Each structure stands twice: as structure tokens, then as C-alpha cells.
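Start counting the sequence shown at 112; every next residue gets the next number (the working numbering).
The structure under discussion appears below in the form of C-alpha cells.
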Amino acid sequence: MLGWSVFIAAIAFVVLVTYLILTLRKVMATLAETEETLSDVRKSVNGITEEAEELIHEANQISVDVKGKMEAVDPLIESAHDVGDMIHEVTSSMKRTALDKNERKTVRTQESQPVQIKLK
Numbered sequence: 112m113l114g115w116s117v118f119i120a121a122i123a124f125v126v127l128v129t130y131l132i133l134t135l136r137k138v139m140a141t142l143a144e145t146e147e148t149l150s151d152v153r154k155s156v157n158g159i160t161e162e163a164e165e166l167i168h169e170a171n172q173i174s175v176d177v178k179g180k181m182e183a184v185d186p187l188i189e190s191a192h193d194v195g196d197m198i199h200e201v202t203s204s205m206k207r208t209a210l211d212k213n214e215r216k217t218v219r220t221q222e223s224q225p226v227q228i229k230l231k
């Protein structure tokens with residue numbers, strides 16, 4: 112009976128070892144695929160990083176360009192504002208002069224009767 116127990120234990124051990132070997136092979140295959148995927152991801156991230164750096168550099172150049180153009184336009188806007196102020200002053204002066212020379216007149220309108228429209 113002891114012999115049979117040892118024999119059954121040996122067979123169980125062999126089955127267990129075989130199962131573990133198959134499981135470890137699957138794990139190794141999965142790890143190999145994972146390593147390949149990570150390698151591809153690293154390459155992609157490096158490519159994206161380079162493109163992002165170029166994009167940031169171009170955005171900075173555009174920002175500097177826009178700032179320079181805004182500074183160039185500022186005097187023109189100030190001049191237009193000054194011209195508007197002068198036109199307002201001239202108009203105000205003309206209104207005051209016209210009111211001083213002419214008396215205020217009241218204009219009256221005639222009252223009209225309502226119009227009736229017949230629909231067929």
C-alpha cells in the first residue's frame with residue numbers, strides 16, 4: 112500500500128509540474144507581447160514628444176509675431192480714437208453754435224384719421 116501511495120504522489124507531482132510548465136509558457140508569451148507593445152509605445156511617445164516640441168516652438172513664434180503686430184497697430188488705433196474725439200468736439204461746437212443763432216422752434220404735425228381697409 113505504501114508503494115501505491117508513493118506512485119500516486121509521483122503521478123500527481125508530474126501532472127502538477129506539467130501544468131506549471133504550460134502556465135509558465137503562456138505567461139512568458141504574454142510577457143513577450145507586453146514587452147513588444149511597450150517598445151512600440153515608447154517609440155510612439157518619442158515621436159509625439161518631438162512633434163509637440165515643434166508645435167510649441169511654432170506657437171511661440173506666432174505669439175511673438177502677433178505681439179509685434181499688435182504693438183505696430185496700437186498707434187493707429189490711438190490716432191483713430193483721437194480723430195473720433197476731434198470729430199465729436201467739432202460736432203458739439205457746431206450744435207452749440209446752431210442753437211445760439213436759431214431760436215428753438217416747435218414743429219407740430221396734423222392729426223390724421225385712421226385708415227380703414229376692407230378685406231374680401
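Beta carbons are placed, not taken as given, at the ideal position from N, Cα and C, and that holds for glycine.
Small disclaimer: the values here were computed from a predicted structure and weren't measured.
Rounded separation between residue i and residue j - CA only
i, j, result
"L133", "A123", "15 Å"
"V175", "H168", "11 Å"
"D151", "V138", "20 Å"
"T208", "D193", "23 Å"
"E182", "G195", "21 Å"
"E144", "N171", "40 Å"
"L187", "E165", "34 Å"
"V156", "L142", "21 Å"
"T202", "S190", "18 Å"
Residues near residue i by beta carbon distance below 8 Å, same chain, minus five either side
i, result
"E162", "none"
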